[in-house]
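*Asks:* Here you go, one structure.
Numbering (my numbering), first residue to last: 2 to 148.
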């Protein structure tokens with residue numbers, strides 16, 4: 002069991018970073034078989050043993066209860082979480098729970114912006130071709146003048 006240290010108030014302190022790194026590593030182990038899981042971010046460490054506030058990130062939307070299933074199973078099986086003795090697992094209220102899912106990038110621009118992009122692309126290609134032709138013609142002319 003880890004006891005709270007005053008240095009834990011600052012998540013950028015060396016003791017906090019070490020604790021957080023180990024905590025996230027343990028969370029990664031808990032969720033390794035859940036393909037939706039991405040990572041865990043610790044947002045605060047508070048006194049009382051060590052109370053850890055954290056956010057778990059998933060690829061798809063999960064209910065808070067579904068997201069906690071793996072963690073509850075690990076804690077209820079032996080009362081520990083990795084090398085830490087685990088107490089109560091208290092989710093934040095639903096009003097603080099937000100579900101975000103990554104999506105593919107889709108242009109929400111109006112058609113005129115898309116058209117403008119296409120025109121700019123075509124003009125760029127034409128300019129490159131013209132520059133290549135000019136260079137080729139200059140080389141051809143210089144060879145002709147040398148003979």
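Glycine included, each C-beta is placed from N, C-alpha and C at the ideal position.
All values reported here derive from a predicted model rather than from experimental measurement.
Mind pulling the alpha helix (DSSP H) runs of 4 or more residues that sit fully within the region 4-72?
*Replies:* The region 4-72 contains these whole alpha helix (DSSP H) runs: 15-31.
*Asks:* Which term fits residue 41, buried or exposed, when burial requires 16 or more other beta carbons within 10 angstroms of its beta carbon?
*Replies:* Within the chain shown, residue 41 is the residue found at index 40, counting from 1. Residue 41 is buried by the Cβ-count criterion.
*Asks:* Roughly how many angstroms separate the alpha carbons of residue 71 and residue 56, rounded to a whole number?
*Replies:* Numbered from its first residue, the chain shown carries residue 71 at position 70. Numbered from its first residue, the chain shown carries residue 56 at position 55. One C-alpha to the other measures close to 15 Å.
*Asks:* Smallest Cα separation from residue 74: which of 84, 31, 114 and 52?
*Replies:* For this step, residue 74 is matched to residue 73 along the chain shown. Looking at the Cα atoms, 31 is the closest of the given residues.
*Asks:* Residues in its own chain within less than 7 Å of residue 44 by CB, not counting five upstream and five downstream?
*Replies:* Counting from 1 along the chain shown, the entry for residue 44 is found at position 43. Cβ neighbours of residue 44 beyond the five flanking positions: 54, 55 and 56.
*Asks:* In terms of DSSP beta bridges, what is residue 85 paired with?
*Replies:* Within the chain shown, the letter at position 84 stands for residue 85. Per DSSP, 82.
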